[in-house]
Amino acid sequence: MERIVIGLPDIVIEKIVSSHPLIIAVSYTGTPQCPHCGGKHLRIKDTFRRTIKSIPLRGRASQLQIVCHKYLCGNCGRYFNTRLPGVRVWSRSTELLKKSVFQAYNKGCSCKDIAAENNIGLAGVERFYHHMARHKAGHWQNRECPHVLGIDEHRFTRKQGFLTTFCDLEKHRVFDIAKGRSAGELEEFLLRLRGRDKVRVVCIDMNPAYRRLVKEWFPNARIVADRFHVIRLVNHHFSDVCKALEESSLAHGRGRMMRLLLMRPERLKDHQAGAFNALSCGQTGNSGSLRIHA
Ligand SMILES: [Zn+2]
2 MERIVIGLPD IVIEKIVSSH PLIIAVSYTG TPQCPHCGGK HLRIKDTFRR TIKSIPLRGR
62 ASQLQIVCHK YLCGNCGRYF NTRLPGVRVW SRSTELLKKS VFQAYNKGCS CKDIAAENNI
122 GLAGVERFYH HMARHKAGHW QNRECPHVLG IDEHRFTRKQ GFLTTFCDLE KHRVFDIAKG
182 RSAGELEEFL LRLRGRDKVR VVCIDMNPAY RRLVKEWFPN ARIVADRFHV IRLVNHHFSD
242 VCKALEESSL AHGRGRMMRL LLMRPERLKD HQAGAFNALS CGQTGNSGSL RIHA
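Going by the numbering used here, the sequence shown opens with residue 2, and the numbers climb by one from there.
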């Protein structure tokens with residue numbers, strides 16, 4: 002009975018050649034096609050066997066043996082070898098194995114463990130990791146900008162300065178991070194960004210520099226002030242007002258009024274409620290209208 006090798010389309014198991022080490026003879030069931038012109042009028046000029054390392058099956062590293070051909074395309078007259086799905090032209094390992102090594106390394110497995118589990122060398126682990134990292138980086142560079150974008154800065158290190166984080170607010174993920182925070186520092190990054198004109202909403206803090214940057218680089222986006230920053234700004238001014246109102250009691254951190262305002266009304270003890278009413282009536286003439294949690 003034919004069994005499909007996990008993750009490799011159009012490749013089926015023929016027989017088990019050896020169980021220690023695990024070597025499996027497989028065959029390609031797809032229709033060969035010229036990679037240059039797409040022609041299907043082909044002549045077999047040579048036949049050879051390829052050995053390809055694959056992902057471990059039931060905890061054992063596996064190798065696939067597959068019969069391939071050298072073809073001559075009757076359409077364009079060019080030669081080519083059998084193309085296998087999930088295996089690069091000159092590669093001796095499946096892309097799935099490289100991906101599995103990449104994921105295992107990212108999870109914190111050591112090079113030695115990964116090498117032993119997949120029956121590859123330490124240099125192989127490193128090579129596969131670099132290959133996948135390049136592949137991922139290429140993929141990231143071609144990504145389109147998210148339609149709902151969040152932009153904010155944060156300090157990276159004292160020496161390196163600031164970073165700007167771009168978030169995909171629909172998927173709640175970090176989209177990318179760029180060094181610097183001014184328009185000049187971010188210019189190179191923004192030039193590389195694809196689909197800027199398709200951005201519908203940009204969520205930023207109330208920094209006028211960011212507002213100018215968004216207007217210049219995301220022409221079709223609506224600017225939304227981030228709720229976190231709006232509330233922080235309100236809180237900041239509120240605490241300034243409280244400090245100004247009762248300067249005498251500010252010797253030990255936050256003033257009494259600010260502490261009372263931050264408490265839920267139902268948790269205020271009688272003497273605290275009395276003090277709060279006295280303070281708010283005295284300062285505003287309208288008790289109860291001044292409350293943060295209410
Ligand atoms: Zn051709």
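Note that beta-carbon positions come from the ideal geometry of N, C-alpha and C, so glycine has one too.
For the region 106-163, the continuous beta strand (DSSP E) assignments of 3+ residues that do not extend past its boundaries occur at 149-158, in sequence order.
In this structure, N76 has its beta carbon less than 7 Å from a heavy atom of ligand 1. For the pair C38 and N82, the Cα-to-Cα distance works out to about 14 Å. With contacts defined by Cβ atoms closer than 8 Å, A184 and L150 do not form a contacting pair. As DSSP reads the structure, L43 sits in a beta bridge with C74.
Shortest Cα-Cα distance from Y29 to any of D47, G87 and G40 involves G87.
For R174, the uninterrupted beta strand (DSSP E) segment begins and ends at R174 to K180.
In this structure T166 touches H155 by the C-beta definition: roughly 7 Å separates them, less than 8 Å. Between V200 and L261, the alpha-carbon positions lie close to 43 Å from each other. Sixteen is the threshold: since fewer than 16 other Cβ atoms of the shown chains lie within 10 Å of the Cβ of S19, the residue is exposed. The C-beta of M258 has 16 or more other C-beta atoms within 10 Å across all chains shown, which makes the residue buried. Here A134 is exposed, its C-beta having fewer than 16 other C-beta atoms within 10 Å.
Shown here for A179: same chain residues with a beta carbon closer than 6 Å to its own, the five before and five after excluded, namely T165, L187 and F190 in chain order. In the DSSP assignment, E267 falls outside any alpha helix (DSSP H), carrying neither H nor E. Exclusion of the five residues before and after C146 leaves L194, G196, R197 and V200 as the residues of its chain whose Cβ lies within less than 6 Å of its Cβ.
In the DSSP annotation of this structure, the continuous segment of the beta strand (DSSP E) that includes F81 starts and ends at Y80 to N82. In this structure, R84 has its beta carbon at no less than 7 Å from each heavy atom of ligand 1. Per DSSP, the beta-bridge partners of C69 are F49. Of the candidates L43, L97 and A105, L43 places its Cα closest to the Cα of Q34. For S92, no beta strand (DSSP E) run applies, since DSSP gives it neither H nor E.
Taking the Cα positions, R182 is about 15 Å away from L192.
Ranked by Cα distance from L85, the first of D241, D11, S63 and P220 is D11. Per DSSP, the continuous alpha helix (DSSP H) segment holding A184 begins and ends at A184 to R193. At a cut-off of 7 Å, the beta-carbon of H70 does not count as near ligand 1: no heavy atom of the ligand is closer than that. In the DSSP annotation of this structure, R212 is not part of any beta strand (DSSP E); the continuous alpha helix (DSSP H) holding it starts and ends at P209 to W218. Per the coordinates, the alpha-carbon of T95 lies some 6 Å from the alpha-carbon of S55.
By a beta-carbon distance limit of 8 Å, K113 contacts L123. Their separation comes to about 7 Å. Separation of Y106 and Q161 (C-alpha to C-alpha, rounded to the nearest whole angstrom) is 28 Å. For a cut-off of 8 Å, the C-beta gap from H70 to T48 is around 5 Å, short enough to register as a contact.
Measuring C-alpha to C-alpha distances from R79 to each of R51, F129, F103 and K46 identifies K46 as the nearest.
A245: member of the alpha helix (DSSP H) spanning R228 to L246, first to last residue.
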